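Shown next, in structure tokens, is the structure this report addresses.
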Amino acid sequence: MSLAAELPLRRQDLKSFNNYIGGEWVAASSGEWLDNINPADTSDIVGRFAASTAGDAEAAVRAATSAFPVWRKTPISARARILNKAADYLEANAETFAAEMTREMGKPLNLAKDEILRSAQTLRFYAVEGQSLAGEVFPQDDAGMIVYTEREPLGVVSVITPWNFPTSIPARKIAPALITGNTVVFKPSSDAPLSGYRLTEAFVAAGLPKGVLNFINGRAGDVGAAVTTPTVVRAISFTGSTAAGEQIHRSVGITTRTQMELGGKNPLIVMDDADLDKAADLAVKGGLSLSGQACTGTSRVLVMRAVRAAFTENLIAKIKALKIGNGMTAGNDIGPLATARQLETVLRYVDIGKNEAKWLYGGDRLAGPGYDNGYYVRPAVFTDVTQAMRIAREEIFGPVLALIEVESYEDAITKANDSEYGLSAAIATRNPSLMHAFARDIEAGTVKINRTTTGNLINAPFGGVKRSSTSTFRESGRVGLEFYTQIKTIYRGT
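Here you go:
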């Protein structure tokens with residue numbers, strides 16, 4: 001029997017997972033632990049993880065600082081070999097790690113396995129791209145001189161990641177940091193630390209030198225400042241809430257770079273010429289996959305009045321056909337919300353929506369066999385939503401769709417752009433002119449045409465505008481290397 005089949009059937013022996021600091025697996029100095037709870041069955045404790053202190057985080061920063069001088073001089077081909085070996089490790093253990101991911105944060109097993117394999121691909125991508133990162137040579141009049149640039153690493157980098165993509169988001173930050181010669185302090189979400197632990201384990205198995213990557217688990221309030229504010233930390237790459245990201249950004253000095261991937265309130269525009277069946281699929285897959293727990297997830301659907309009734313009928317039918325349940329069970333489309341906090345937030349916004357808009361479907365906590373011990377919510381749909389309503393303006397991070405009626409393309413664009421966020425946006429249309437206009441007019445860092453707002457390529461830049469991102473440096477793709485390097489200009493005479 002595979003691990004994926006075993007895990008939901010029996011209580012696992014409770015295991016303790018340490019930090020990884022300076023090349024050693026060490027317990028938190030507090031001697032305390034944080035329980036990692038299975039959101040599909042809250043009686044199941046996935047494991048105990050170190051409840052780190054500021055002192056532990058400071059030790060991780062010191063270890064990274066000490067390792068940097070040697071690591072930056074390590075040949076890039078050797079750094080690339082380590083990334084490829086870590087990718088090998090992820091691929092060899094993909095089934096096991098996917099089952100653990102599903103158990104700790106709830107996403108369906110097939111999506112978890114896809115994430116593990118995608119993370120391995122990310123490591124391989126940067127192993128190649130990092131070796132081709134080059135400077136420039138500049139023409140000038142002095143025949144006895146050459147002027148050129150080199151890209152060099154920054155130093156110690158802090159990587160802080162969320163629970164919704166607990167392997168792939170760390171991979172796309174850590175890989176470019178390491179290949180360019182930086183050392184890393186990695187703090188995953190304490191709500192889903194096991195996947196980050198396994199990613200760290202992959203680098204250890206690949207032979208990464210001591211201190212180059214340090215893994216520290218703990219509450220943000222206990223360790224956050226210690227991994228972000230020291231002047232020796234030259235860069236911080238953070239994915240999470242807008243409030244937390246803005247606080248980090250404000251707290252650092254001029255010598256520390258920040259890369260903040262934050263919230264979204266992502267629109268899907270449904271034009272009157274759209275394939276309505278496909279448009280409904282885009283709304284369901286973009287808004288409800290991962291139980292709506294994606295920063296790029298669709299949360300606003302702006303639909304033309306002429307097709308509103310037909311689209312809505314199609315949408316509700318597709319939502320009713322979704323199978324909700326434990327992500328370990330094949331065929332389930334939607335798992336639980338990841339934490340009790342998310343459950344409370346979603347149910348609160350459902351109540352808000354019922355008070356300010358027209359409730360159409362769902363939004364109730366599921367009960368009964370298979371549901372009672374988990375954080376399960378039926379997807380909610382509201383209609384007659386206006387721009388002023390909270391469910392149209394605030395990020396919910398759950399399976400809640402707000403349907404907003406629009407009169408024209410111009411009306412749709414105006415309302416879509418009327419948001420403090422600008423991460424991802426999509427349109428469903430058959431009209432090539434509208435496709436071009438949408439790409440030009442929409443205020444978003446990621447633009448999708450007849451595709452879901454979710455998803456991005458490994459080799460393409462990712463990021464948002466407005467309060468969704470700090471726009472100076474994009475993640476992912478070749479440009480993802482730029483954040484972790486600085487340019488040095490050299491004038492070399494004879």
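Using the UniProt record's numbering, read the sequence shown as starting at 1 and increasing by one per residue.
Ideal Cβ positions, reconstructed from N, Cα and C, are used throughout, including at glycine.
What you are looking at is a predicted structure, and each value in this text was computed from that prediction instead of being measured.
Scanning its chain for C-beta atoms nearer than 6 Å, with the 5 sequence neighbours on each side dropped, one finds around Ala112 the residues Ala98, Met101, Thr102, in chain order.
Taking C-beta atoms as the reference points, Tyr375 and Pro399 fail to come closer than 8 Å. In the displayed model, Asn355 falls within a helix according to three-state DSSP. Following the DSSP letters along the chain, one finds Met271 in no alpha helix (DSSP H), marked with neither H nor E.
Using a Cβ-Cβ distance cut-off of 8 Å, the region 174-191 and the region 148-165 are in contact, since at least three pairs of beta carbons, one from each stretch, lie closer than that value. Membership of Asp35 in the beta strand (DSSP E) is indicated by the continuous run 33-37.
Spatial neighbours of Ser419 in its own chain (CB-CB distance under 6 Å, excluding positions within 5 residues in sequence) are listed in chain order as Lys265.
By the criterion of a C-beta distance shorter than 6 Å, Ala205 is surrounded in its chain by Tyr89, once the five residues flanking it on both sides are discounted. Here the alpha carbons of Ala54 and Gly245 stand approximately 19 Å from one another.
Taking 3 residues as the shortest admissible run, the region 128-161 contains the following complete beta strand (DSSP E) segments, listed from N- to C-terminal end: 145-153, 156-160.
Boundaries for Phe397: no alpha helix (DSSP H) harbours it, and the DSSP string shows neither H nor E there.
Within 10 angstroms of the beta-carbon of Asn36 lie 16 or more other beta-carbons, which makes it buried.
A distance below 6 Å between beta-carbons, with the five flanking residues on each side excluded, links Ser77 to no residue of its chain. The Cβ atoms of Ser291 and Leu401 do not sit closer than 8 Å to each other. The alpha helix (DSSP H) runs of length 4 or more contained entirely in the region 197-244 are, from start to end of the chain, 220-228.
Residue pairing of Arg474 in beta bridges, as defined by DSSP: absent, with no partner found.
Within a 10 Å sphere around the beta-carbon of Ile490 sit fewer than 16 other beta-carbons, which makes this residue exposed. Distance between Leu347 and Val284, taken at the CA atoms: about 19 Å. Under the Cβ criterion (8 Å, minimum of three pairs), the region 142-151 does not count as touching the region 191-210. DSSP places Asn417 in the uninterrupted alpha helix (DSSP H) bounded by 409-417. Of the residues assessed, Met145 falls on the exposed side of the cut-off, its CB having fewer than 16 other CB atoms within 10 angstroms.
Boundaries of the beta strand (DSSP E) around Arg492: 485-493.
Judged by DSSP secondary structure, Ala78 falls within the alpha helix (DSSP H) whose first and last residues are 76-92. Taking all protein chains shown into account, Gly253 has fewer than 16 neighbouring C-beta atoms within 10 Å of its C-beta and is therefore exposed. One Cα belongs to Ala225, the other to Ala274, and the distance between them is close to 48 Å.
Relative to Val61, the option among Ala235, Leu194, Ala294 whose CA is nearest is Ala235.
Going by beta carbons, Tyr20 and Leu83 fall outside the 8 Å limit. Of the candidates Phe438, Phe462, Ile319, Lys107, Lys107 places its Cα closest to the Cα of Met328. Under the three-state reduction of DSSP output, Leu14 falls in the coil class, being neither helix nor strand.
Secondary structure in the region 250-318: the beta strand (DSSP E) runs of 3 residues or longer, each lying completely within the stretch, are 257-261, 266-270, 298-304 in chain order. Here Ile334 is not near Leu302, since their CB atoms are 8 Å or more apart. The beta carbon of Glu405 lies closer than 6 Å to those of Arg305, Arg308 in the same chain, with the five residues before and after it left out. Taking the Cα positions, Glu115 is about 11 Å away from Glu91. If you look at Trp163, you'll find it isn't in any alpha helix (DSSP H); DSSP assigns it neither H nor E. Going by beta carbons, Ile413 and Met435 fall outside the 8 Å limit. As the crow flies, the alpha-carbon of Asn182 is around 41 Å from that of Ala392.
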